[in-house]
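Reading through the structure tokens given below for one structure.
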Amino acid sequence: MKGWWGGNPPYHAPTFVLTLYPRAPIEMEGGTVFHFVTGGIEAAMEQARSEAGGKNVKIGGGVSMVRQYPQVGLVDEIYVATEAATHLVRTR
Numbered sequence: 385m386k387g388w389w390g391g392n393p394p395y396h397a398p399t400f401v402l403t404l405y406p407r408a409p410i411e412m413e414g415g416t417v418f419h420f421v422t423g424g425i426e427a428a429m430e431q432a433r434s435e436a437g438g439k440n441v442k443i444g445g446g447v448s449m450v451r452q453y454p455q456v457g458l459v460d461e462i463y464v465a466t467e468a469a470t471h472l473v474r475t476r
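All the letters of the sequence shown, read from the start, carry residue numbers 385 to 476 under my numbering.
Given below as structure tokens:
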């Protein structure tokens, strides 16, 4: 088992992970291969586009990282998925 999803992550495609530390790719069930990129967002996008062979590339992650892609002109369209959150506050 690797990760919270077990051996079969939900991506089912090559996945490029930005990191500070180089490491070998990790192959998982369902066609997911995690590639670890240390060269920044431009290098990650270049590798993802090459692997995609003309198909769309999806970007996911934290707000700070995701915001960098449009700031340097690396995206054509943005789709935003949101989920409502309910917070329960208990008082005595």
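For each residue, glycine too, the CB sits at the ideal point set by N, CA and C.
On a CA-only basis, which of the options is nearest residue i? Give me that one, please.
{"i": "E461", "options": "V450, E467 and A468", "result": "V450"}
{"i": "M412", "options": "S434, R433, W388 and Q431", "result": "W388"}
{"i": "G391", "options": "L402, F400 and F418", "result": "F418"}
{"i": "T466", "options": "P394, Q452, V459 and G444", "result": "G444"}
{"i": "T422", "options": "Q431, N440, P406 and A432", "result": "P406"}
How many Å lie between residue i and residue j at the Cα?
{"i": "V447", "j": "A408", "result": "26 Å"}
{"i": "G414", "j": "A397", "result": "8 Å"}
{"i": "V464", "j": "E426", "result": "21 Å"}
{"i": "G438", "j": "Q431", "result": "12 Å"}
{"i": "T399", "j": "T416", "result": "7 Å"}
{"i": "V456", "j": "G424", "result": "12 Å"}
{"i": "F420", "j": "A468", "result": "31 Å"}
{"i": "V401", "j": "L458", "result": "16 Å"}
{"i": "I410", "j": "P393", "result": "12 Å"}
{"i": "S434", "j": "A428", "result": "10 Å"}
{"i": "H395", "j": "Q452", "result": "The residue asked about is misnamed: residue 395 is Tyr in this sequence, not His. Using only the alpha carbons, I get a separation of about 22 Å."}
By the 10 Å Cβ neighbour count, where 16 or more other Cβ atoms means buried, how is residue i classified, buried or exposed?
{"i": "P454", "result": "exposed"}
{"i": "T403", "result": "exposed"}
{"i": "V441", "result": "buried"}
{"i": "A436", "result": "exposed"}
Exercise. Could you pull out every unbroken beta strand (DSSP E) segment of at least 3 residues lying fully inside the segment 390-426, listed in chain order?
Key: DSSP runs (the beta strand (DSSP E)) wholly in the segment 390-426: 398-402 and 417-421.
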